[in-house]
Amino acid sequence: MSQEPVHEVCPSRPRWTHIALRVGDVEQSIVWYERFTPLRLVRRSSDDLGIGAWLADPKDGEYPFVLALSQFAPATDPFGFAPPTVLGPYAHIGFELQSRDEVDAIAASAEAEGTLTLAPTMMPPPIGYICFVEDPDGNTVEFSYDQGTYSVIREEWGEPS
87 MSQEPVHEVC PSRPRWTHIA LRVGDVEQSI VWYERFTPLR LVRRSSDDLG IGAWLADPKD
147 GEYPFVLALS QFAPATDPFG FAPPTVLGPY AHIGFELQSR DEVDAIAASA EAEGTLTLAP
207 TMMPPPIGYI CFVEDPDGNT VEFSYDQGTY SVIREEWGEP S
């Protein structure tokens, strides 16, 4: 393989770029994440190992963060030696929303589908108002309101430059 870079654009410094999940059905996961989150499909890929997809928030272009989904082919799964793992019950992917009503709406949709694992709950600071939902593979996804992520970062480090 060539040692030359494939891509022209790279980060100006080390950056947190992605989280990767092993999934049973990439298409089902894409539909789920596009329904419940602001993430949208960026790219699909496939090779002898299986199929994959990258999802990201289209409004986060300058500092992209990707959810990488991988559906491995059973015969060529490079991680087939290990049992599948999921994020949960506490380990989770978190999305901060703009209102309690948005948390309640997602919780109602998830409850109707049987995937709500923690009903909307007001937790002590810094957690805020949250609910937990399972994605199609059982990974925990938290939806929160008033968690303060943006406020705390700006208090500690100032406005983004």
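The sequence shown runs 87 to 247 under the working numbering.
Even glycine gets a Cβ: it sits at the ideal position worked out from N, Cα and C.
Bear in mind the structure is a predicted one, so any value in this text is a computation, not a measurement.
Pick from the options: whose alpha carbon is nearest that of residue i?
i    : options                : result
E120 : W140, D133, E90, T103  : W140
T201 : G147, G224, G180       : G224
L153 : W243, R186, D163, P124 : P124
Q184 : D232, A168, H93        : D232
A198 : P210, T207, P211, V219 : V219
P169 : A177, A196, P160       : P160
G174 : T103, E242, G234, V227 : V227
Y215 : G234, P222, D221       : G234
V148 : P211, V172, R101       : Contrary to the premise, residue 148 reads as Glu rather than Val in this sequence. Nearest C-alpha to E148: R101.
D133 : T162, P222, E94        : T162
For the alpha helix (DSSP H) containing residue i, list its first residue and its last residue.
i    : result
I239 : 235-243
In three-state DSSP terms, what is residue i?
i    : result
S98  : coil
E197 : helix
E90  : coil
T226 : strand
In the DSSP assignment, find the beta strand (DSSP E) that holds residue i and state where it starts and stops.
i    : result
T203 : 202-209
I216 : 214-220
For residue i, verify whether its CB is less than 6 Å away from any heavy atom of the ligand GDP.
i    : result
Y149 : As presented, the structure is devoid of all ligands, the ligand GDP included, so that no description of it is given.
Among residues of its own chain, excluding the 5 on either side of residue i, which ones have a beta-carbon nearer than 6 Å to its beta-carbon?
i    : result
Q157 : V109, V112, G136, I137
S131 : G138
Below 8 Å CB to CB, which residues in the same chain sit around residue i once its five sequence neighbours on both sides are set aside?
i    : result
L127 : I116, E120, A139, W140, L141
I192 : F122, L183, C217, V219, F229
T207 : Y215, I216, C217
Could you name the residues of the same chain whose beta carbon sits closer than 7 Å to that of residue i, not counting the 5 residues immediately before and after it, in chain order?
i    : result
A106 : A154, S156
- Scan the segment 108-192 and note each continuous beta strand (DSSP E) run of 3 residues or more that stays entirely inside, going in chain order. 126-133, 136-142, 152-158, 179-183
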